[in-house]
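If you use the working numbering, the sequence shown corresponds to residues 100 to 369, in order. Here a beta-carbon is modelled for each residue, glycine too, at the ideal position from N, C-alpha and C. In this text the structure is predicted, and so the values were computed from the model without any measurement. Please read the structure below before turning to the comments.
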Amino acid sequence: MFSLLDLANHYLGFFNVNLKLKNRIYTVLGFIGNWYLLYIASRYFINGYYVRGSLFILIFFVLLYFVGLNVLYFFTNKTTKFDPSPKIEKLLGGPPKQLIEENKRHRTQPGYVQTNGLFDSKIMMPATLKSNKNERLAVQEIANKMKQINYSDFDYDGLSDDAIMKEIKSTGKPVSELAQPVAFPFFELKIENGKMNIYAGMNQIDQQLIGHLTHVGLSDIETAKDQYDIYLATATIFGGNRKVAGRSSVIEELHKFHVKVQIAYKEKEN
Numbered sequence: 100m101f102s103l104l105d106l107a108n109h110y111l112g113f114f115n116v117n118l119k120l121k122n123r124i125y126t127v128l129g130f131i132g133n134w135y136l137l138y139i140a141s142r143y144f145i146n147g148y149y150v151r152g153s154l155f156i157l158i159f160f161v162l163l164y165f166v167g168l169n170v171l172y173f174f175t176n177k178t179t180k181f182d183p184s185p186k187i188e189k190l191l192g193g194p195p196k197q198l199i200e201e202n203k204r205h206r207t208q209p210g211y212v213q214t215n216g217l218f219d220s221k222i223m224m225p226a227t228l229k230s231n232k233n234e235r236l237a238v239q240e241i242a243n244k245m246k247q248i249n250y251s252d253f254d255y256d257g258l259s260d261d262a263i264m265k266e267i268k269s270t271g272k273p274v275s276e277l278a279q280p281v282a283f284p285f286f287e288l289k290i291e292n293g294k295m296n297i298y299a300g301m302n303q304i305d306q307q308l309i310g311h312l313t314h315v316g317l318s319d320i321e322t323a324k325d326q327y328d329i330y331l332a333t334a335t336i337f338g339g340n341r342k343v344a345g346r347s348s349v350i351e352e353l354h355k356f357h358v359k360v361q362i363a364y365k366e367k368e369n
């Protein structure tokens, strides 16, 4: 049975198989292989080795129980209070300290993003930013400066390569070095030549143009300007280099940073 699982693990390693699918395959193979233990037990009974036969039957039922738990977890969305795994893990000393720290760091990523003041979420709306080549280069330049002074954690959410590999196999998506959006240290909205330009930078002195607004929600910017007074609520940066799954470990790919913008609006008075 273990040879069968080892063989499956060897060949599945050649492919980037979703972690849940891989566990389902192991569960099916384990269920099939477990019946071989029952065959061995029957041979022991036939030859008069009753103690050994009874031992193999006991092992068969224990493994069958755990196969049943795997079926519950990997083929349904149900759980059970009769799963001894947490108690066994606690008895063995709990999860590795490194994993605890990674999960703790992952959970404590801030959900708060710096804004130009405090706005009611009811009057905030995403906006579309259009940038030319130079403006996109300005975004990358600002991001590199933010990295140099450790303005935020450009560290793949604090995850190790092993944890990143597990997440990629689970979600099928790469992991970016800046997984959570972070506000630019400085950002400002300026109306210039009829355009609503967005500036950003490390501070007001070295601010650079990073693009102009073309849409607010589903409305084009001209329609929105006619009906509302528009204010820049927040401008954030995310993405950057990302890690993808290779054959045996993660591979880092060069990738650009992207910008998200939210505005606050107030209906114009007649």
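- Residue 338 sits in a strand when the DSSP states are folded into three classes.
- Within the model, the alpha-carbon separation for residue 354 versus residue 162 is close to 46 angstroms.
- Contact check for residue 333 against residue 360 passes: the beta carbons are separated by less than 9 angstroms.
- Between the alpha carbons of residue 236 and residue 124 lies a distance of about 46 angstroms.
- The beta-carbon distance between residue 255 and residue 278, rounded to whole angstroms, is 7 angstroms. This is short enough to meet the 8 angstroms contact definition.
- Here residue 323 is not near residue 298, since their CB atoms are 9 angstroms or more apart.
- For residue 303, the closest of 318, 321 and 284 by C-alpha to C-alpha distance is 284.
- Secondary structure of residue 175 (DSSP, three-state): coil.
- According to DSSP, residue pairing for residue 267 in a beta bridge does not occur.
- Only exposed fits residue 174, as fewer than 16 other CB atoms lie within 10 angstroms of its CB.
- Distance from residue 227 to residue 170 at the Cβ level is roughly 47 angstroms; contact not present, criterion being Cβ atoms closer than 8 angstroms.
- Straight-line measurement puts the Cα of residue 272 at about 16 angstroms from the Cα of residue 259.
- Per DSSP, the unbroken beta strand (DSSP E) holding residue 223 starts and ends at 223 to 229.
- Contact between the stretch 129 to 141 and the stretch 151 to 158 is established, with three or more Cβ pairs separated by less than 8 angstroms.
- Around the beta carbon of residue 232, fewer than 16 other beta carbons sit within 10 angstroms, so the residue counts as exposed.
- Following the DSSP letters along the chain, one finds residue 320 inside the alpha helix (DSSP H) bounded by residues 320 to 326.
- In chain order, 273, 274, 275, 276, 351, 352 and 354 place their CB closer than 8 angstroms to the CB of residue 341, counting only its own chain and leaving out the 5 sequence neighbours on each side.
- Judged by DSSP in its simplified three-state form, residue 300 adopts strand.
- DSSP, read as helix, strand or coil, puts residue 288 in strand.
- According to the DSSP assignment, residue 241 belongs to no beta strand (DSSP E) but to the alpha helix (DSSP H) extending over 232 to 247.
- Comparing alpha carbon positions, the residue from 160, 164 and 358 closest to residue 280 is 358.
- Pairing residue 215 with residue 165, the inter-Cα distance amounts to about 54 angstroms.
- Within the stretch 341 to 369, there are no complete alpha helix (DSSP H) runs of at least 4 residues.
- For residue 316, there is no enclosing beta strand (DSSP E), since its DSSP letter is neither H nor E.
- Taking every protein chain shown into account, the CB of residue 366 has fewer than 16 other CB atoms within 10 angstroms, so this residue is exposed.
- Around the beta carbon of residue 349, 16 or more other beta carbons lie within 10 angstroms, which makes this residue buried.
- Distances from the CA of residue 368 to each of 326, 132 and 339 were compared; the closest alpha carbon is that of 326.
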